[in-house]
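So the structure is just underneath, and the comments pick up after that.
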Amino acid sequence: MGTYKQVIVAAGVAITLVLTGCTSTRNEGVAETGAATQPAGSGGLPAIASPQEVISKSLGAMRGKKVQMITISGDGAALTRAWKERTVLGFGEVGVDFTAINANFDTQVLAQQVQTAIDQKPDALILHNADLSGLAKLIQQAQSAGIYVIVLNLGSNAQSDAYIGPNWTAMVGKLAERAAADCKAMNKKDVAIISGFGSDTGSLLTVESATQVFKEQGMNLVASQPGQYDPTKANEITRTLMQQHPGLCALIGNWDGMMSGAANAVAQAGKIGQVGVYTTDSSDVACDGIAKGTVVAAVNYGGGTTMGDNAVAVTQYLLQSGVTPGASRTALFTPTQIIDKSNYQLAGSCYASAAQ
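So the sequence shown is numbered by my numbering: it starts at 887 and just counts up by one.
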């Protein structure tokens, strides 16, 4: 989409991990020649190394390693395409053997793909989860098999070596506050929530956070329904809700691809400016809606920009660290920003990704 420029920020990921067995005494790691060596049993770089050695040792530790990314969302989603573009680029530059596949929103296929990947024994897996428990045992199985697991965007009850994504509670709370404020300005109170699969992290925390904020703000929550991350389903839900609740003023959901269906329903009913659509993620789908007035606000949480780069950075760290898979578990939260008419045209607000 020519109007919106995709700005990719090379993410500097700050990770604080407690690594056992990696400390040394003052004299350890220094050979008789004075050159620094790595203490036995630890990973990463030696305490002292030239810039040339840093490049050589780091690339040597990663060259030929196998990493696979498996996502629940398909290539039709701008988010998936953006992740793929950034990870292919990032891993290619450091010599990692990288592949990416997707389950196209089929949870059974996702589980089968992850099991197959574990059997192939890559060095790391990057997963986009479908629900809290669906991949839990497989994540643990992978770690037990010596495979690092990085989870993007939608977490699992089984904690991976790293989670990279938004703080859904805070992000959705911010969006719900905006929706409530807009409803108050219209002297209306009826609001509704359209979640994704219903059992995934994004859906559960969207419903929990938005419900709490709407209650605090005196809104009347008339419905909360899963839209299965399907724009057609979201369109049907929205049309029904507008018929049943003529005073409806806001619909909030947790993915712009899905909520584009809600936005279309509002436009088709001639209720632009009366029923506001609010969504997480800010691909060109959301920003086209903002430009047309069918979407009031979206949230940029780095999904299509920095998250893919973060995944590459964290995986590079793990491959070099010497940490045992499953021994250290970290959550890395991405920053969030409300995108609306006031800023959607600014560089970095929205992202676009050409279909593969």
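Ideal Cβ positions, reconstructed from N, Cα and C, are used throughout, including at glycine.
(request) Please determine if the segment 1086-1101 and the segment 1215-1228 are in contact, where contact requires at least 3 C-beta pairs separated by less than 8 Å. (result) They do not touch, by the three-pair rule.
(request) Put C1135 into one of helix, strand or coil per three-state DSSP. (result) Correct three-state label for C1135: strand.
(message) Measuring alpha carbon to alpha carbon, tell me which residue in K1119, D1068, W1054, I1050 is nearest N1196.
(response) The residue from K1119, D1068, W1054, I1050 with its alpha-carbon nearest to that of N1196 is I1050.
(request) For V1161, name the three-state secondary structure that DSSP assigns. (result) Looking at V1161 - three-state DSSP - the assignment turns out to be coil, as it is neither helix nor strand.
(message) I need the straight-line Cα distance from L1040 to Y1115, nearest angstrom please.
(response) Looking at the two C-alpha atoms, the distance is approximately 13 Å.
(request) Could you check the C-alpha separation between L1091 and A1136 for me, to the nearest Å? (result) Going by the C-alpha atoms only, they are around 18 Å apart.
(request) Decide yes or no for the touch test of the segment 948-958 against the segment 1173-1188: beta carbon pairs closer than 8 Å, at least 3 of them. (result) No, the segment 948-958 does not touch the segment 1173-1188.
(message) Going by C-alpha to C-alpha distance, which of A1151, T1216, T1165, S936 sits closest to R1064?
(response) That would be T1165, whose Cα lies nearest to the Cα of R1064.
(request) Could you give the DSSP three-state label for L1018: helix, strand or coil? (result) Here L1018 sits in coil by DSSP.
(message) Spatial neighbours of S1085 within its chain, please: C-beta separation below 6 Å, excluding the five flanking residues on both sides.
(response) Here the set comprises D1017.
(message) According to DSSP, simplified to helix, strand and coil, what is K1074?
(response) It is coil, neither helix nor strand.
(request) For M1072, I'd like the list of residues in its chain whose CB is within less than 7 Å of its CB, leaving aside the five on either flank, ordered along the chain. (result) So the qualifying residues of the chain are C1135.
(message) Considering only the alpha carbon of each residue, which of V1182, V953, K970, M1144 lies closest to I1158?
(response) Ranking V1182, V953, K970, M1144 by Cα distance to I1158 puts V1182 first.
(message) Taking the beta carbon of T909 as the centre, do at least 16 other beta carbons fall within 10 Å, making it buried, or is it exposed?
(response) The predicted model places T909 with a pLDDT of 35, which falls under 50 and marks its position as unreliable, so this point remains unresolved.
(message) Can you give me the C-alpha to C-alpha distance between I1036 and K970, rounded to a whole angstrom?
(response) Straight-line spacing of the CA atoms in I1036 and K970 works out to 15 Å.
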